[in-house]
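Contents: one structure, followed by commentary.
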Amino acid sequence: MKAKEGLAVKIIKRFYGISGVLDEYKKSQVEHIGNNAFMLMFGYTLVANLLVTVFASKKPELALWIFIGCNIFFTVFIVCGYVLFATARLKLTENEVEAKEMAKEKKKTILKGIGLGIYFAIAIHLLNGVLSMMLDEEDFLPYIVSPDRIIASILGGCFFGGMMYLVLRLRLKKIEE
């Protein structure tokens, strides 16, 4: 009988890309990676806030936009890049599958890729509609039903789904019995 996973365990597994059971080894490695990422973010936050405080007195709006851009860049590329690199290096993201279960896991991977592609297409389409309404002052409904933008969102979803399928497929490792 399988014990139910708590919400925190599900979030940790999703964030770090871990499939299967979160055993003690994986949990300790995840905590180590998380602590390193926190220390990296903490140091960056101290330096960035100090610099923004200094530069905000002259041109506050420019300082704000640079601060926001640097925060996004640092979080997405530096911290998330470190987490991806560290989890891959420690082989926490590998999904070990027995040879007889490989076909079933490949099918699951295809379905996950399709689902993620559909989710991405819908989310990005709606988000672009909201952003165009806020920034370009376009109406939301005409943007959402525009065939060109629907096709662009579908193509983006297909590309994203395909890339996610490749990532998930490359993580599958066949183990011999």
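Residue numbers for the sequence shown follow my numbering, beginning at 60 and rising by one. We put the CB at the ideal spot given by N, CA and C, even for glycine.
Test item: CB-CB of residue i and residue j under 8 Å
i                 : j              : result
valine 156        : isoleucine 234 : yes
serine 212        : tyrosine 202   : no
phenylalanine 126 : valine 111     : yes
valine 68         : methionine 100 : no
tyrosine 141      : alanine 96     : yes
glutamate 164     : leucine 121    : no
Residue interval of the alpha helix (DSSP H) (run including residue i)
i              : result
isoleucine 209 : 206-230
valine 106     : 83-114
glutamate 120  : 119-132
valine 68      : 66-75
valine 80      : First-last for valine 80: undefined, no H or E at that position.
valine 142     : 139-148
Where residue i falls, given that 16 or more other Cβ within 10 Å makes a residue buried
i                 : result
glycine 79        : exposed
leucine 200       : exposed
valine 113        : exposed
phenylalanine 218 : exposed
valine 189        : exposed
glycine 176       : buried
alanine 180       : buried
threonine 243     : The structure shown does not extend to residue 243, since the chain is modelled only from 60 to 236, so the question has no answer here.
leucine 214       : exposed
leucine 151       : buried
isoleucine 70     : exposed
Whole-angstrom distance between residue j and residue i, CA atom to CA atom
i              : j              : result
glutamate 153  : asparagine 108 : 38 Å
glycine 174    : glycine 216    : 10 Å
tyrosine 84    : aspartate 195  : 50 Å
methionine 60  : isoleucine 210 : For methionine 60, the predicted structure reports a pLDDT of 46, less than 50, and the residue's modelled location is therefore unreliable. A value from the coordinates is still provided. If I take the Cα positions, the gap works out to 46 Å.
aspartate 198  : histidine 184  : 14 Å
lysine 228     : aspartate 82   : The question names lysine, yet the displayed sequence has arginine at residue 228. When rounded, the distance between both Cα atoms is 22 Å.
threonine 104  : leucine 186    : 28 Å
glutamate 90   : lysine 118     : 40 Å
methionine 193 : glycine 128    : 19 Å
glutamine 88   : methionine 98  : 15 Å
glycine 93     : glycine 65     : 19 Å
Short CB-CB distance (under 8 Å) between residue i and chain D
i                : result
phenylalanine 74 : In the structure shown, chain D does not exist; there is a single protein chain.
Residue span of the beta strand (DSSP E) that contains residue i, given as start and end
i          : result
valine 189 : From DSSP, valine 189 is part of no beta strand (DSSP E) but of the alpha helix (DSSP H) over 161-194.
Evaluate contact between the stretch 199-211 and the stretch 142-161, counting only Cβ atoms and requiring at least three cross-stretch pairs below 8 Å.
Touching, no, given that fewer than three Cβ pairs across the two stretches are closer than 8 Å.
Decide yes or no for the touch test of the stretch 66-79 against the stretch 123-140: beta carbon pairs closer than 8 Å, at least 3 of them.
Contact fails: fewer than three Cβ-Cβ distances are below 8 Å.
Do the stretch 161-172 and the stretch 214-233 touch if we need at least three Cβ pairs shorter than 8 Å?
yes
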